[in-house]
Amino acid sequence: MSISKKNCPVPFDQQPLNEYFALKESILFAWSMYSLKTYVLITFCIFFFFLTFIYFFLILYGLPYVSFLNKILVNILFTDSIIILFFVRLYLGWSYIVKRLLSTSVFYEESGWYDGQIWIKTTESLTQDRLVGLYQVKPLINRIKYTILIFLFIFLFFIVLFITNYYANMY
251 MSISKKNCPV PFDQQPLNEY FALKESILFA WSMYSLKTYV LITFCIFFFF
301 LTFIYFFLIL YGLPYVSFLN KILVNILFTD SIIILFFVRL YLGWSYIVKR
351 LLSTSVFYEE SGWYDGQIWI KTTESLTQDR LVGLYQVKPL INRIKYTILI
401 FLFIFLFFIV LFITNYYANM Y
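Below, the structure is given as structure tokens:
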């Protein structure tokens, strides 16, 4: 599925379609392409892994005079922050790839001497790249956006809950 060298002067690892395949095979990004059920299951597993890890860290090292409910709320806030950062990284990686796939030209460096050049895609490679970008990567980006929004709403909800609980315990 990669573009042959005679049609494209861009180095193999800088071609947008090959960058897509490399990202698709990487451990960090590959699971985001699974079915929705598996994606949700892995997301919950990651969330609960960090939830338990941070909770044990809080029990051992911090917050000795804080109530149990506040420890749980702080734990959820820290975990949610880590998950949001993780999904922002996924979003940035996939959005970079889709930008290069949908673009009509490709900026590349041949020799690493920072002598950047621009290659205008042929109609064949442009069509292939746009099909992959629109039907493979765009749905992933939308899925990741919705996941980030869900975790942001969870974060805001628990911030409000933490603040109200904190001030309720003060008086």
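Residue numbers (this note's numbering): 251 to 421.
The beta carbon of each residue, even a glycine, is placed where N, CA and C say it ideally should be.
Exclusion of the five residues before and after Asp330 leaves Phe401, Ile404 and Phe405 as the residues of its chain whose Cβ lies within less than 6 Å of its Cβ.
About 6 Å separates the CB atoms of Lys371 and Val356; that is less than 8 Å, so the two are in contact. In the displayed model, Gln378 falls within a helix according to three-state DSSP. DSSP, read as helix, strand or coil, puts Val356 in strand. Closest by C-alpha distance to Tyr284, out of Val348, Glu359 and Leu390, is Leu390.
Ile332 and Ile326 have their C-alpha atoms some 10 Å from each other. Looking at the DSSP output, Gln264 sits in no beta bridge, so it has no partner there. For Pro314, there is no enclosing alpha helix (DSSP H), as DSSP marks it with neither H nor E. Val382 sits close to Leu267, with the two beta carbons spaced by under 9 Å. Taking 8 Å as the upper bound for CB-CB distance, Ile322 and Ile398 are not in contact here, some 23 Å apart. Comparing C-alpha distances from Ser345 to each of Val260, Phe279, Pro261 and Tyr416 shows the shortest one belongs to Phe279.
A Cβ-Cβ separation of about 5 Å places Ile304 in contact with Phe328 under the 8 Å criterion. Taking Trp281 as the centre and dropping the five residues before and after it, the same chain places the C-beta of Thr288, Tyr289 and Ile292 closer than 8 Å to its C-beta, in chain order. Distance from Pro261 to Tyr358 at the Cβ level is roughly 6 Å; contact confirmed, criterion being Cβ atoms closer than 8 Å.
DSSP places Tyr416 in the uninterrupted alpha helix (DSSP H) bounded by Lys388 to Met420.
The residues Ser282 and Ile394, in chain order, have a CB closer than 6 Å to that of Leu340 in the same chain once the five nearest residues on each side in sequence are set aside.
With fewer than 16 other beta carbons inside 10 angstroms of its own, Leu319 counts as exposed.
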